[in-house]
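Here is the structure we will look at, set down as structure tokens.
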Amino acid sequence: MALTDKPPLSAGAAAPFDRRSFLDALLTVGFVSSAVAIAYPVGRYLIPPASGEPATESAVAGRAGALRPNSAAIFKFGSKPGIVVRTADGDVRAFSAVCTHLDCTVQFKTDTSQFWCACHNGIYDLGGNVVSGPPPRGLEKFVVNIRGEGDEAEIVASRA
Amino acid sequence: MSVLDWLDERLDLSGIRHFIAEKGVPVHTQKIWYYLGGMTLFLFGVQVSTGILLLLYYRPSATEAYESVQFVVTQVQFGWLIRNIHSWSANLLVALAFAHFFSVFFLKSYRKPRELTWVTGVLLLFLMLGFGFSGYLLPWNELSFFATKVGTGIAGAVPFIGHFTLRLLRGGDDVTGATLSRFYGLHVAVLPMLTTALVALHLLFVQRQGMSVPIKIEKRLKPGERLPQMPFFPNYILRDVLAWYVVIAVLVVLAAFYPWELGKKADPFAVVPAGIRPEWYFLATFHTLKLLPSHLLGFEGERVGVVGFGLVAVLLVLVPFLDRRASRGESSRAFTVLAVLGLVYLVSFTIIGHYAE
Chain X
1 MALTDKPPLS AGAAAPFDRR SFLDALLTVG FVSSAVAIAY PVGRYLIPPA SGEPATESAV
61 AGRAGALRPN SAAIFKFGSK PGIVVRTADG DVRAFSAVCT HLDCTVQFKT DTSQFWCACH
121 NGIYDLGGNV VSGPPPRGLE KFVVNIRGEG DEAEIVASRA
Chain S
1001 MSVLDWLDER LDLSGIRHFI AEKGVPVHTQ KIWYYLGGMT LFLFGVQVST GILLLLYYRP
1061 SATEAYESVQ FVVTQVQFGW LIRNIHSWSA NLLVALAFAH FFSVFFLKSY RKPRELTWVT
1121 GVLLLFLMLG FGFSGYLLPW NELSFFATKV GTGIAGAVPF IGHFTLRLLR GGDDVTGATL
1181 SRFYGLHVAV LPMLTTALVA LHLLFVQRQG MSVPIKIEKR LKPGERLPQM PFFPNYILRD
1241 VLAWYVVIAV LVVLAAFYPW ELGKKADPFA VVPAGIRPEW YFLATFHTLK LLPSHLLGFE
1301 GERVGVVGFG LVAVLLVLVP FLDRRASRGE SSRAFTVLAV LGLVYLVSFT IIGHYAE
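If you're matching them up, the sequences are chains X and S in order.
Just so you know, we're using my numbering here: the first sequence kicks off at 1 and counts up by one.
Just so you know, we're using my numbering here: the second sequence kicks off at 1001 and counts up by one.
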């Protein structure tokens, strides 16, 4: 039954570094390095790869004729929503529709002519500036260009 | 106070402590075979972890499955490694499960009182084949698409319930995106659940009864004599871990140097590529069915073959109850011969199936 017998502890049990603790240390180093060798690729794997598309710089926000005064429409600016608005005096403006508070999509309130975020009651004015509520800063404002003539003209929103 | 003491004070761990201190593994010339089960279990753990990782990016639909796997292996950092390990580990797992199966068969470890350990083990082996079959389709490539067509077609040859089974497996009359959804659910939910339950039982039985000692070695013992025992903790478990390190080494070498091909995306209207064959662990079955004449004993040849394999599967489960001599602790040559024949058949037909046109 030699195998069940534990090897006798070295006589100098007080010795700072005996054979057993040396082997224990080796074993620990081995296990820890294995764990690191596994955790590293897994950790990198968990990080989502950057999407291949380049950041959007401009997008068509809609047709000039489709937007009546004091109304707005949501459009796609890359993978995020944008909002294009025609003010009561006929001015066309475009903003990112992403609320600066917690990324909800804002909507246009025709009665007050303000942008309103339904999530936490954030309100922005027609210039994109915060009027009230939790948003820390105003909506990102896009540069608007009209391409073409008449009702079929395209409203192009670009990052400033 | 250590964490263990804290837990002990509340939960009374004396039972576990006693079990750990007492658990031993018999030491004899055949103890090398004891490692196979642990290695198989380790690979199952590898499959579960890499499988969960693959789920982060995989999309189970006919339009996106292939692209999502392509995305994993080309865009995601170390995605190629995770996928290659999952594929290679699956194959090693099946190979080791077969090795474990045959070692237990040859050593007659299934004999009384371990009949149920054997039954759960054989069922686990079938589940592993089910994992292989369902997982093979998930990348939705040409080879897997047609292999699944053939495989589910074989299920269609089962008498009486064949057509029903075929439709149940395929989610319709043909292999489509519906089949992919079903196989996906099977592969990531149903089979893992069944496997976990059976593995738990299998391990519980092994822990409860301890390791089986081969009949020959048992016979050599004098009355009242006991084989020398090796403590499980830490002596044996460290040896187990060493075996797992060997498995990891083999796995990483295979995954790094022999990447698993993704192939071409499945196209239901493409002609079947020449040399289409299933995964190696289905080759023997596949080749046998290919050799059967179209009509046998007045029945369709394939139908006879499928029924035959079904019978073999049932007999395999029942081996411990059929081998009466081994149950009495006597050597049973007949079952050794059967095991040899089975092994020779599987190996030779796998090789022939691999090289056959």
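Heads up, the beta-carbon is just placed ideally off N, CA and C, and yes, glycines get one too.
None of the values given here were measured: they were computed from a predicted structure.
Practice problem: Please decide whether Val36 (chain X) counts as near chain S, where near means a Cβ-Cβ distance under 8 Å. | Solution: As a working note, residue 36 (chain X) is residue 36 in the first sequence. So no, Val36 (chain X) is outside the interface.
Exercise. Could you tell me if Thr28 (chain X) is buried or exposed, where buried requires 16 or more neighbouring beta carbons within 10 angstroms of its beta carbon?
Key: As a position in the first sequence, residue 28 (chain X) is number 28, starting the count at 1. The residue in question, Thr28 (chain X), is exposed, as its Cβ has fewer than 16 Cβ neighbours within 10 Å.
Quiz item: What does DSSP give as the partner residues of Ile145 (chain X) in its beta bridges?
Solution: Here residue 145 (chain X) refers to the residue found at position 145 of the first sequence. A small correction: the amino acid at residue 145 (chain X) is Asn; Ile does not occupy that position in the sequence shown. Its beta-bridge partners are X:Val156.
Self-check item: Uninterrupted beta strand (DSSP E) stretches inside the stretch 98-148 of chain X (no shorter than 3 residues)
Solution: 107-109, 114-117, 122-124, 130-132 and 141-147
Practice problem: Report yes if the C-beta of Asp91 (chain X) is less than 7 Å from at least one heavy atom of the ligand GTP; otherwise report no. | Solution: Annotation note on the ligand GTP: not contained in the displayed structure, which lists no ligands.
Practice problem: For Arg44 (chain X), return the contacting residues in chain S, with the cut-off set at a CB-CB distance below 9 Å. | Solution: If you number the first sequence from 1, residue 44 (chain X) lands on position 44. Per Cβ cutoff of 9 Å: Val1076, Gln1077 and Phe1078.
Quiz prompt | Beta-carbon gap between Trp1280 (chain S) and His1354 (chain S) smaller than 8 Å | solution = In the second sequence, the residue the question calls residue 1280 (chain S) occupies position 280. In the second sequence, the residue the question calls residue 1354 (chain S) occupies position 354. Yes. Within cutoff.
Quiz item: Is the shortest distance between the beta-carbon of Pro41 (chain X) and the beta-carbons of chain S less than 8 Å?
Solution: Within the first sequence, numbered from 1, the residue matching residue 41 (chain X) stands at position 41. It does; some Cβ of chain S falls within 8 Å.
Quiz item: Does the beta carbon of Ile1082 (chain S) sit closer than 8 Å to a beta carbon anywhere in chain X?
Solution: Taking the first residue of the second sequence as 1, we reach residue 1082 (chain S) at position 82. Yes, because at least one Cβ of chain X sits closer than 8 Å to the Cβ of Ile1082 (chain S).
Quiz item: What first and last residue would you give for the beta strand (DSSP E) that runs through Pro81 (chain X)?
Solution: As a working mapping, residue 81 (chain X) is identified with position 81 in the first sequence. Lys80 to Arg86 is the extent of the beta strand (DSSP E) around Pro81 (chain X).
Exercise. Just confirm the distance between the C-beta atoms of Met1193 (chain S) and Val1025 (chain S), as a whole number of angstroms; I'd bet it's less than 8 Å.
Key: Numbered from 1 along the second sequence, position 193 holds the residue referred to as residue 1193 (chain S). Numbered from 1 along the second sequence, position 25 holds the residue referred to as residue 1025 (chain S). The pair is not a contact, with the Cβ atoms about 30 Å apart (cut-off 8 Å).
Practice problem: Please compile the residues from chain X whose C-beta is within a distance smaller than 9 Å of the C-beta of Leu1053 (chain S). | Solution: As a position in the second sequence, residue 1053 (chain S) is number 53, starting the count at 1. Val42, Tyr45 and Leu46, listed in chain order.
Self-check item: For Gly62 (chain X), the residue or residues it bridges with in DSSP
Solution: As a working note, residue 62 (chain X) is residue 62 in the first sequence. Looking at the DSSP assignment, Gly62 (chain X) forms a beta bridge with X:Ile155.
Quiz item: Which of the three DSSP states, helix, strand or coil, is assigned to Met1193 (chain S)?
Solution: The count along the second sequence starts at 1 and reaches residue 1193 (chain S) at position 193. Three-state result, Met1193 (chain S): helix.
Practice problem: Please name the residue, chosen from S:Ser1212, S:Phe1257, S:Tyr1136 and S:Gly1308, that lies closest to Ile1032 (chain S) on a Cα-to-Cα basis. | Solution: On the second sequence, residue 1032 (chain S) is found 32 positions in, with the first residue counted as 1. Closest option to Ile1032 (chain S), Cα to Cα, is S:Ser1212.
Quiz item: Can you tell me whether Met1001 (chain S) is buried or exposed, with buried defined as 16 or more other CB within 10 angstroms of its CB?
Solution: Your numbering for residue 1001 (chain S) matches position 1 in the second sequence. With fewer than 16 Cβ atoms within 10 Å of its Cβ, Met1001 (chain S) is classed as exposed.
Self-check item: Contact between the stretch 1067-1084 of chain S and the stretch 1014-1030 of chain S (3+ Cβ pairs under 8 Å)
Solution: no
Quiz item: Does DSSP classify Met1128 (chain S) as helix, strand or coil?
Solution: Start at 1 with the first residue of the second sequence, and residue 1128 (chain S) comes out as number 128. The answer is helix: DSSP assigns Met1128 (chain S) an H, G or I state.
Exercise. Would you kindly work out how many angstroms separate the C-alpha atoms of Leu1007 (chain S) and Pro1234 (chain S), rounded to a whole number?
Key: Within the second sequence, the letter at position 7 stands for residue 1007 (chain S). Within the second sequence, the letter at position 234 stands for residue 1234 (chain S). Cα to Cα, the separation comes out at about 21 Å.
Practice problem: Enumerate in chain order the residues of its own chain whose CB-to-CB distance from Lys1264 (chain S) is below 7 Å, with the five nearest sequence positions on each side excluded. | Solution: Walking along the second sequence from the start, residue 1264 (chain S) turns up at place 264. Correct list, in chain order: Asn1141 and Glu1142.
Quiz prompt | Beta carbon proximity, Pro135 (chain X) to chain S, threshold 8 Å | solution = For the purposes of this step, residue 135 (chain X) is taken as the residue at position 135 of the first sequence. Output row for Pro135 (chain X): interface = no.
Quiz item: Would you call Ser96 (chain X) buried or exposed, if buried means 16 or more other Cβ atoms sit within 10 Å of its Cβ?
Solution: Residue numbering aside, residue 96 (chain X) sits at position 96 when the first sequence is read from its first letter. Classification for Ser96 (chain X): buried.
Exercise. Could you say if the stretch 1084-1101 of chain S and the stretch 1170-1183 of chain S meet the contact criterion of at least three C-beta pairs nearer than 8 Å?
Key: no
Exercise. Taking only the alpha-carbon atoms, compute the straight-line gap between Ser132 (chain X) and Gln107 (chain X) and give it to the nearest angstrom.
Key: Locating residue 132 (chain X) in the first sequence gives position 132, counting from the first residue. Locating residue 107 (chain X) in the first sequence gives position 107, counting from the first residue. For Ser132 (chain X) and Gln107 (chain X), the distance between alpha carbons rounds to 15 Å.
Quiz item: Considering only residues of the stretch 1185-1243 of chain S, which uninterrupted beta strand (DSSP E) runs meet the minimum length of 3 residues and lie entirely inside it, listed in chain order?
Solution: 1229-1231
Quiz item: How is Ser1294 (chain S) classed by DSSP in three states: helix, strand or coil?
Solution: Locating residue 1294 (chain S) in the second sequence gives position 294, counting from the first residue. Residue state, collapsed to three classes: coil.
Exercise. Look at the Cβ atom of Leu1125 (chain S), then the Cβ atom of Phe1106 (chain S), and state whether they are nearer than 8 Å.
Key: What you label residue 1125 (chain S) is simply residue 125 of the second sequence in a count that begins at 1. What you label residue 1106 (chain S) is simply residue 106 of the second sequence in a count that begins at 1. Their beta carbons are not under 8 Å apart, which means Leu1125 (chain S) does not touch Phe1106 (chain S) by this criterion.
Quiz item: By Cβ distance below 6 Å, which residues in the same chain neighbour Gly1135 (chain S) in space, the five residues on each side in sequence not counted?
Solution: Here the question's residue 1135 (chain S) lines up with position 135 in the second sequence. Around Gly1135 (chain S): His1187.
Quiz item: Quick one: any contact between the stretch 35-48 of chain X and the stretch 56-69 of chain X, if contact means 3 or more CB pairs under 8 Å?
Solution: no
Quiz item: Name the chain S residues that come within less than 7 Å of Pro16 (chain X), Cβ to Cβ?
Solution: Counted from its first residue, the first sequence places residue 16 (chain X) at position 16. None at all; the shortest Cβ gap to chain S is about 23 Å.
Quiz prompt | Residues that DSSP places opposite Ile1032 (chain S) in a beta bridge | solution = Here the question's residue 1032 (chain S) lines up with position 32 in the second sequence. DSSP output for Ile1032 (chain S) lists no bridge partner at all.
Quiz item: Between which two residues does the beta strand (DSSP E) carrying Ser34 (chain X) extend?
Solution: As a working mapping, residue 34 (chain X) is identified with position 34 in the first sequence. Element bounds for Ser34 (chain X): not the beta strand (DSSP E) but the alpha helix (DSSP H), Arg19 to Leu46.
Quiz item: Taking DSSP as the reference, what is the three-state secondary structure of Ser96 (chain X)?
Solution: Counted from its first residue, the first sequence places residue 96 (chain X) at position 96. Strand at Ser96 (chain X).
Exercise. Can you check DSSP and say which residues form a bridge with Phe1299 (chain S)?
Key: Here residue 1299 (chain S) is taken as the residue at index 299 of the second sequence, counted from 1. Phe1299 (chain S) is bridged to S:Leu1296.
Exercise. Could you tell me if His1287 (chain S) is buried or exposed, where buried requires 16 or more neighbouring beta carbons within 10 angstroms of its beta carbon?
Key: Against the second sequence, residue 1287 (chain S) aligns to sequence position 287. Per the 10 Å Cβ criterion, buried.
Practice problem: Indicate whether at least one CB of chain S lies closer than 8 Å to the CB of Pro161 (chain X). | Solution: Residue 161 (chain X) cannot be examined here, being either before or after the span of chain X that is shown, 1 to 160.
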